[in-house]
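Residue numbers (our numbering), protein chains in the order written: chain A, 1070 to 1182; chain B, 611 to 1167.
Where a beta carbon is used, it is the ideal one built from N, C-alpha and C, also for glycine.
Being a predicted model, the structure only gives us computed values, none of them experimental.
Reviewing the structure listed below.
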Amino acid sequence: MEALFAMAIGVLAAAGVWLLLRPRTFQVIVGLALCSYAVNLFIFGMGRLVVGRAPIVAGGRVAESLAVVDPVPQALVLTAIVIGFATTALLLVVLLAARGLTGTDHVDGREPG
Amino acid sequence: MNAWFTHLPVVPIIVPLLAAAAILFLTERARVLRVAVAALSIIAQLAVAIVLLALTTEAFPDIWSRGVGAYAIGGWPAPFAIVLVIDRLTGLMLVLNAVVTLAAFVNSLAFWDRAGPHFHALLQLLAMGVNGAFLTGDLFNLFVFLEILLAASYGLLLHGSNSQRVRFGLHYIVVNLTGSLLLLIGVSLVYGVTGTLNMADLPARAAALSVTDRTLFDVAAAIIGVAFLTKAGCWPLNFWLPGTYAAASAPVAAVFAILTKVGIYALLRLGSLIGSADALLHHEGSALLRPDLFRGGLYYLGFATIGFGIVGTLAAQQLSRLVGYSVIVSSGLLLMVMGLDHPPLLAPALFYLVGSVLATGAFFMLTGMTERAWRAPSRPASAAAEPALLSTGGYVPFGVRRGPPVPEPDAEVGVAIPAAMAFMGLMFAFCVLLVTGSPPLSGFIAKFAIISAAIQAAQTEAWAPAAWVLVFVTLAAGLASLIALTRIGMRLFWSAIGRNTPRLRVLEAGPVAMLVLLCIGLTVAAGAVMRFFDSTAASLRSPQIYIETVLTTGGGR
């Protein structure tokens, strides 16, 4: 499972970085989104990958401390998702404004050459 | 009474947050009310920051006896909950932030706050993010506050949007989002390896790691370092900086002067804490860790940053870009000093940091005024804020409908100051002296102290060439900015072609004068100020007090 998980993160990050380096604003924003997915999975993985363990509460009672997964990375990843979502939405608005003001979707605001 | 004081560290975060929320509730028409709320909040922040700074000194030993105060949010015990920590360096940065924010706020009242919606709310949120980043003792919380300040800075950069701002805003946002992703990777890796996010808990945990985990930890620290170096404007991660700062409106650029120093602060703080883990390891005789490599890397990066800054300074044709490059030069000098890791250099570097933030803040606001003087009179700034709107068929960025018309900056509103050109020339001369480090102002004292400490080190330490290079580079940076600024100053003030004297209002000229006067104050009281910086540097070099205070905090309150 670890290998599959690591490969998924790697593929997402590689695709994200490639798109991030492209000259069109839409590609950049999709690249950033893919990168942030990779990072979110990575944060999640930092709590160790386990199957069948309870979050803190199991069946209405607090589970035994050894039988739970680490809740901190889950809290971190939730925060990171929310922040990433908000900033991507902001970037999308700026992208539209840049498109409207410069008349092109090139990141430098003008076509090369 | 003491119980009240112990709650003070949370105030610099809560006050601007509440103020921003309150400002959002008030409509654009209730401008007086908005301004009043914002002014109250900033003055309160300044007062609280000064009190906090005073409480960490020896003058008030009964609150935080050892100069460090920790505040457990929610009262949970320390390694598990988020703590806010206040020590001398934090207090100093809080005061600096409040001063710069106050100056930018007053400057914006002249007309910039009406060039678009929500200026004051965004400024409050920026202040909140910066204060939080200085105060927090938790790595992930540091990321959250950085995001808050960045989100606010995106809004402020785009304030009064024109195509220039939107274009550089796009670059700025993408670069910073990528930097934030790097920071997230580093922070989560640190948690995955050590099992803690508390910065005071890190050193002991890091020192106890196995060899494999230690390598992972070093990688995580390096990734975090790259993220902060991006924020600090370190070469080669700083190509976004000059254009962005030049595109921002004058008061916004002035507050941005402190944003690069947030990165420097984080590097200083983490370097101080993780460096103590290095000391533990050396004690055990581990050969694994090479702090000299990290430090040496900072030195060379700082060198490259200054080189880039010097070239940019000499090449810049526009005053605002030139000031942006001088921000880069100051970051580079600080990185070089941090890279040498020589204790007597740290206090002068802190002096230089404070002086350069005040000077570049004043310079950016002055730049906004000089730009008005050399523009054709037919194009007032309120229309200049939207030339693209006219050229792109009435496209309105962000769907913003124009509110009540913005008064033109040169219109006869408010109190204008007499002899505007003389005032601007005088302030320009002061700013040049401060930025280049020429005598007799505070920039000179800071650079002189750095050079003096470096020469002393060169005579006693083994790494004399590195110290001589620092001396040489410090002087070269000053000379380069002096040449470039003299050239631009002659063009601006001595050639009368195409110049029309702007009307300067007290509101916009006052903050520049205030920051310059503060720098003069730093010069006059240099002895006392330097003693304070010495004690600050000493507390940074012995982080044990910080660690012990944080780890014994919380619980049962």
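ask   = What's the C-alpha gap between Phe-1142 of chain B and Ala-1030 of chain B?
value = Counting from one through the second sequence, the residue named residue 1142 of chain B turns up at place 532. Counting from one through the second sequence, the residue named residue 1030 of chain B turns up at place 420. Rounded to the nearest angstrom, the two C-alpha atoms are 37 Å apart.
Exposure label - Arg-1091 of chain A; buried when at least 16 CB within 10 Å = Within the first sequence, the letter at position 22 stands for residue 1091 of chain A. Exposed: under 16 other Cβ atoms inside 10 Å.
key: Touching by the beta-carbon criterion (3+ pairs, under 8 Å), the region 956-970 of chain B and the region 919-928 of chain B   = The answer is no - the region 919-928 of chain B does not touch the region 956-970 of chain B, with fewer than three Cβ pairs under 8 Å.
request  = Pick out whichever of B:Leu-634, B:Ser-798, B:Gly-835, B:Leu-704 has its Cα sitting closest to the Cα of Leu-663 of chain B.
outcome  = Along the second sequence, read from residue 1 onward, the residue named residue 663 of chain B stands at position 53. Relative to Leu-663 of chain B, the option among B:Leu-634, B:Ser-798, B:Gly-835, B:Leu-704 whose CA is nearest is B:Leu-704.
message = Quick check: the Cα distance between Tyr-875 of chain B and Leu-1127 of chain B, rounded to an integer number of angstroms?
response = On the second sequence, position 265 is the one that residue 875 of chain B refers to. On the second sequence, position 517 is the one that residue 1127 of chain B refers to. Rounded to whole angstroms, Tyr-875 of chain B to Leu-1127 of chain B spans 25 Å at the Cα level.
ask   = Is the CB of Met-1115 of chain A under 9 Å away from at least one CB in chain B?
value = Stepping through the first sequence from its first residue, residue 1115 of chain A is reached at position 46. Answer yes: the Cβ-Cβ gap between Met-1115 of chain A and chain B drops below 9 Å somewhere.
task = Have a look at the DSSP bridge pairing and note the partners of Ile-696 of chain B.
result = Taking the first residue of the second sequence as 1, we reach residue 696 of chain B at position 86. Answer is B:Gly-679.
message = Any beta carbon of chain B sitting closer than 9 Å to that of Ala-1065 of chain A?
response = An answer regarding residue 1065 of chain A cannot be provided, because it is not within the stretch 1070 to 1182 covered by chain A.
message = Using the three-state DSSP reduction, which class does Asp-748 of chain B fall into: helix, strand or coil?
response = Taking the second sequence and counting its residues from 1, the one referred to as residue 748 of chain B is at position 138. The three-state reading of DSSP puts Asp-748 of chain B in strand, counting E and B together.
inquiry  = Need the endpoints of the alpha helix (DSSP H) that Met-1037 of chain B sits in, please.
reply    = Residue 1037 of chain B sits at position 427 when you count from the first residue of the second sequence. Note, Met-1037 of chain B: alpha helix (DSSP H), 1030-1046.
query = With respect to 8 Å, is the separation between the Cβ of Ala-657 of chain B and the closest non-hydrogen atom of the ligand NAP below this value?
reply = For the ligand NAP, the structure offers nothing, since it holds no ligand at all.
request  = Could you name the residues of the same chain whose beta carbon sits closer than 6 Å to that of Gly-1153 of chain A, not counting the 5 residues immediately before and after it, in chain order?
outcome  = Within the first sequence, numbered from 1, the residue matching residue 1153 of chain A stands at position 84. Counting only Cβ-Cβ distances below 6 Å, and skipping sequence neighbours, we find Ser-1105.
task = Could you tell me whether the Cβ atoms of Gly-912 of chain B and Leu-944 of chain B are closer together than 9 Å?
result = The residue given as residue 912 of chain B occupies position 302 in the second sequence. The residue given as residue 944 of chain B occupies position 334 in the second sequence. Their beta carbons are under 9 Å apart, which means Gly-912 of chain B touches Leu-944 of chain B by this criterion.
key: Local conformation of Asn-772 of chain B per DSSP, three classes   = Your numbering for residue 772 of chain B matches position 162 in the second sequence. Asn-772 of chain B: coil per DSSP, three-state reduction.
query = Residues of chain B with CB under 8 Å from Thr-1148 of chain A, in chain order?
reply = Taking the first residue of the first sequence as 1, we reach residue 1148 of chain A at position 79. Phe-750, Val-754, listed in chain order.
inquiry  = Quick check on Met-1100 of chain B: buried or exposed, where buried means 16 or more other Cβ atoms within 10 Å of its Cβ?
reply    = Position 490 of the second sequence holds residue 1100 of chain B. Result: exposed.
key: Leu-963 of chain B beta carbon less than 9 Å from that of Ser-1052 of chain B   = Within the second sequence, numbered from 1, the residue matching residue 1052 of chain B stands at position 442. Within the second sequence, numbered from 1, the residue matching residue 963 of chain B stands at position 353. No, the pair does not count as a contact, with Cβ atoms beyond the cut-off.
key: Assigned secondary structure, Pro-1124 of chain A (DSSP; H/G/I helix, E/B strand, else coil)   = Here residue 1124 of chain A refers to the residue found at position 55 when the first sequence is read from its first residue. Three-state result, Pro-1124 of chain A: coil.
message = Does the CB of Pro-990 of chain B have a neighbour CB from chain A at under 9 Å?
response = Reading the second sequence from its first residue, position 380 is the one you call residue 990 of chain B. Per-residue confidence for Pro-990 of chain B stands at a pLDDT of 43, beneath the threshold of 50, marking its modelled position as unreliable; the derived number appears in the next sentence. No, Pro-990 of chain B does not count as interfacial toward chain A.
message = On the criterion of 16 or more Cβ atoms from any shown chain inside 10 Å, does Asp-672 of chain B qualify as buried, or is it exposed?
response = Taking the first residue of the second sequence as position 1, residue 672 of chain B is located at position 62. With fewer than 16 other beta carbons inside 10 angstroms of its own, Asp-672 of chain B counts as exposed.
query = Is the Cβ of Arg-824 of chain B closer than 9 Å to any Cβ of chain A?
reply = For the purposes of this step, residue 824 of chain B is taken as residue 214 along the second sequence, with counting starting at 1. Arg-824 of chain B does not count as touching chain A.
query = Exposed or buried, what is Ile-1060 of chain B when buried is set at 16 or more other beta-carbons lying within 10 Å of its beta-carbon?
reply = Along the second sequence, read from residue 1 onward, the residue named residue 1060 of chain B stands at position 450. Looking at its Cβ environment, which holds 16 or more other Cβ atoms inside 10 Å, Ile-1060 of chain B is buried.
key: Contacting residues, own chain, Cβ-Cβ under 8 Å from Leu-878 of chain B (five flanking each side not counted)   = The sequence position of residue 878 of chain B within the second sequence is 268, counting from 1. Cβ within range, chain order: Leu-699, Met-948, Leu-1150.
query = If we call anything under 9 Å between Cβ atoms a contact, is Val-709 of chain B one with Leu-1125 of chain B?
reply = Taking the first residue of the second sequence as position 1, residue 709 of chain B is located at position 99. Taking the first residue of the second sequence as position 1, residue 1125 of chain B is located at position 515. Contact: yes.
message = Which same chain residues end up closer than 6 Å to Ala-1090 of chain B when comparing Cβ atoms and leaving out the 5 residues on each side of it in sequence?
response = Looking up residue 1090 of chain B in the second sequence gives position 480. Beyond the five residues adjoining it in sequence on each side, Ala-1090 of chain B comes within less than 6 Å, by CB distance, of Ile-920, Thr-923, Leu-924 in the same chain, given in chain order.
query = So, Leu-1145 of chain A versus Ser-798 of chain B, is the Cβ gap smaller than 9 Å?
reply = Taking the first sequence and counting its residues from 1, the one referred to as residue 1145 of chain A is at position 76. Taking the second sequence and counting its residues from 1, the one referred to as residue 798 of chain B is at position 188. In this structure, Ser-798 of chain B lies closer than 9 Å to Leu-1145 of chain A by Cβ.
C-alpha distance - Ala-1039 of chain B paired with Trp-1078 of chain B, whole-angstrom precision = Sequence index remark: in the second sequence, residue 1039 of chain B carries index 429 (1-based). Sequence index remark: in the second sequence, residue 1078 of chain B carries index 468 (1-based). Pairing Ala-1039 of chain B with Trp-1078 of chain B, the inter-Cα distance amounts to about 29 Å.
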